[in-house]
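So for the sequence shown, UniProt numbering puts the first residue at 1; every next one is plus one.
Idealized CB from N, CA, C, for every residue including glycine.
These notes concern the structure reproduced below.
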Amino acid sequence: MRLSRSAKTVLGVITGLVLFFIYAPLLLVVVNSFNADRTFGWPPSGFTLEWWGRAFDSTGVREALATSLWVAVVSTVLSLVLGTLLSMALQRYRFFGREVVNLLVILPIALPGIVTGIALNNMFTTILGVPLSLWTVIVAHATFCMVTVFNNAIARLRRMSPGLEEASADLGAGVFTTFRLVTFPQLRSALLAGGLLAFALSFDEIIVTTFTIGAGETTLPIWILQNLFRPNQAPVVNVVAVVLILVSILPIWLAQRLSADSVGVGAASGRAAAKAAKKG
1 MRLSRSAKTV LGVITGLVLF FIYAPLLLVV VNSFNADRTF GWPPSGFTLE
51 WWGRAFDSTG VREALATSLW VAVVSTVLSL VLGTLLSMAL QRYRFFGREV
101 VNLLVILPIA LPGIVTGIAL NNMFTTILGV PLSLWTVIVA HATFCMVTVF
151 NNAIARLRRM SPGLEEASAD LGAGVFTTFR LVTFPQLRSA LLAGGLLAFA
201 LSFDEIIVTT FTIGAGETTL PIWILQNLFR PNQAPVVNVV AVVLILVSIL
251 PIWLAQRLSA DSVGVGAASG RAAAKAAKKG
């Protein structure tokens, strides 16, 4: 479809306005993290690195950052394991209730966060009698983070030829050898992309975390919420928000680049199948 010059101009203006509406507030947060005016007057009266120094010297910020990183890393590892196993089971095998299981796996990421948080809080405290802690947060994050891994892995599996795995098995390679040398190399970039997205989702999650975290524990998003309206902490909050933006953007950008990779099923995969057969 070919568009006229006027149509292209209108679409370009609309796109520019939408992007400006989305990213101008983020740019304002970045500018205010260097704003010398504590009340964030505009235009800035000057620029300073004082707030960045205070943020790095803050014990509360460092502890919250370490907690967020720990939760994100562990929940990402759990998501990679569960998402990979689920994707292979649902793509490679046919069984009764397969479509229902597929829906139930994807559903957590579609549910409102507050619903997921309340449900998990009730399960931990009422049904299981488990005290809330960082481990309950990790389990809670894994329930929706594994969906990103699952979606990436199953999409890649659908594009892979099962013939290579069958050839590897016919030539005597075992199940684990075939997975390690044939299946996993083709899944690797999809799993890495899904893992990066899972990390980003977990790192900046606040609603589910609020309902599942124990007393005395604080993640970085919760620290921001608690200090947002404290005048003495407002400049530091902007610095922490910038760090949160950067930590969230980098995994998503890398995941987007990795997701664009195509699956190679040519000579390289054939050599992997032959290698797997020798190992078997």
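message: Taking the alpha-carbon of Met160 as reference, which of Asp37, Thr48, Val182 and Gly97 has the nearest alpha-carbon?
response: Val182
message: Using the three-state DSSP reduction, which class does Phe184 fall into: helix, strand or coil?
response: helix
- request: Throw me the rounded Cβ distance for the Leu192 and Arg156 pair, which I believe falls under 8 Å.
  value: In fact, because the Cβ distance is near 11 Å, the residues do not count as touching under 8 Å.
message: Can you tell me whether Ser68 is buried or exposed? The criterion is at least 16 other CB atoms within 10 Å of its CB, across all chains shown.
response: buried
Nearest-angstrom Cα separation, counted from Gln256 out to residue 286: Past the edges of the chain, shown from 1 to 280, lies residue 286, and the structure says nothing about it.
- prompt: What is the C-beta distance between Val208 and Thr116, in whole angstroms, given that I count them as a contact (C-beta under 8 Å)?
  reply: 5 Å
query: Helix or strand or just coil, what does DSSP make of Asn122?
result: helix
- request: Provide the residue span of the alpha helix (DSSP H) that contains Gln91, from first to last.
  value: Thr59 to Arg92
query: On the three-state DSSP scale, how would you describe Asn232?
result: coil
Buried versus exposed call for Glu99 [16 or more other C-beta atoms within 10 Å across all chains shown]: exposed
- request: Indicate the three-state DSSP secondary structure (helix, strand or coil) for Ile14 in the structure shown.
  value: helix
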